[in-house]
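Chemist:
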Amino acid sequence: MAFVGKGIPIVNDLSPASGHVPGQASGASVTPASSVSDSASTKPILELRGVSKRYGGVAALTGVDFAAWPGTIHAVLGENGAGKSTLIKIASGVTDPSDGDVYVDGRKVSFRNPVQAMAAGVVCVFQELSLIPDMT
6 MAFVGKGIPI VNDLSPASGH VPGQASGASV TPASSVSDSA STKPILELRG VSKRYGGVAA
66 LTGVDFAAWP GTIHAVLGEN GAGKSTLIKI ASGVTDPSDG DVYVDGRKVS FRNPVQAMAA
126 GVVCVFQELS LIPDMT
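To convert, count from 1 in the sequence shown and add 5; that's this note's numbering.
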């Protein structure tokens, strides 16, 4: 799965629920907003603040912050089960966060479905273009 958007190259540690707290030292790095060129906007086009997602007793995400800035490129990297897909699903309206907030152009939003996210300019593009092989 790939997420199309514009933002700073950001790598958040989205480790599985192994006791690691996102943002603590483990090789993860976040490029600070101050490195954005002067011509770029001073507010993120998409921002997730303190986002957590639980599926029953399993914590898929815990307190994740993510910001995508106009005019730049970003990436979400992590191990299998780290929560990358869950983060993208929250950003694109496929699922709701258990905790935390989503902002588009500085406005707090709550998408009920991907159609609402698309209307706000947030879209998920799958890496595999043929999701159902027998259908065109």
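The C-beta atom is built at its ideal place from N, Cα and C for all residues, glycine as well. In this text, all values refer to a predicted model and were calculated from it rather than measured experimentally.
1. Based on the DSSP output, what are the partners of serine 57 in its beta bridges?
2. If we ignore side chains and look at the alpha-carbon of each, how far apart do tryptophan 74 and aspartate 110 end up?
3. Give the C-beta separation of glycine 55 and aspartate 106 to the nearest angstrom, bearing in mind that I take them to be a contact with Cβ-Cβ under 8 Å.
4. Quick one: what's got a C-beta closer than 8 Å to alanine 219's C-beta in the same chain, skipping five residues either side?
5. Rounded to whole angstroms, how far is the Cβ of valine 127 from the Cβ of alanine 96, which I believe are closer than 8 Å?
6. Excluding five sequence neighbours on each side, which residues of the same chain lie with their C-beta closer than 7 Å to the C-beta of lysine 94?
7. Tell me whether the beta-carbon of alanine 122 lies closer than 8 Å to the beta-carbon of phenylalanine 131.
8. Over the uninterrupted beta strand (DSSP E) stretch that includes threonine 67, give me the two end residues.
9. Using a Cβ-Cβ cut-off of 6 Å (strictly less than) and excluding sequence neighbours within five positions of glutamate 52, which residues of its own chain qualify?
10. Measuring only the C-alpha atoms, how far is proline 49 from lysine 113?
11. Can you tell me which of Ala80, Glu84 and Asn118 puts its alpha carbon nearest to the alpha carbon of glycine 98?
12. Could you tell me the alpha carbon to alpha carbon distance between aspartate 70 and methionine 140, rounded to whole angstroms?
Modeler: In brief:
1. Per DSSP, the beta bridge partners of serine 57 are Asp104.
2. Taking the straight line joining both Cα atoms gives about 9 Å.
3. The pair is a contact, with the Cβ atoms about 7 Å apart (cut-off 8 Å).
4. Absent from the model: residue 219. The displayed extent of the chain is 6 to 141, so no value can be given.
5. About 6 Å separates the beta carbons of valine 127 and alanine 96, which is inside the 8 Å limit, making them a contact pair.
6. So the qualifying residues of the chain are Thr100.
7. Taking 8 Å as the Cβ cut-off, alanine 122 and phenylalanine 131 do not qualify as a contacting pair.
8. Looking at the DSSP string, the run of the beta strand (DSSP E) that includes threonine 67 is 63-73.
9. Within the same chain, glutamate 52 has close Cβ partners Ala72 and Tyr108.
10. Distance between the alpha carbons of proline 49 and lysine 113: 12 Å.
11. Nearest to glycine 98 by alpha-carbon distance, out of Ala80, Glu84 and Asn118, is Asn118.
12. Aspartate 70 and methionine 140: Cα-Cα distance of roughly 37 Å.
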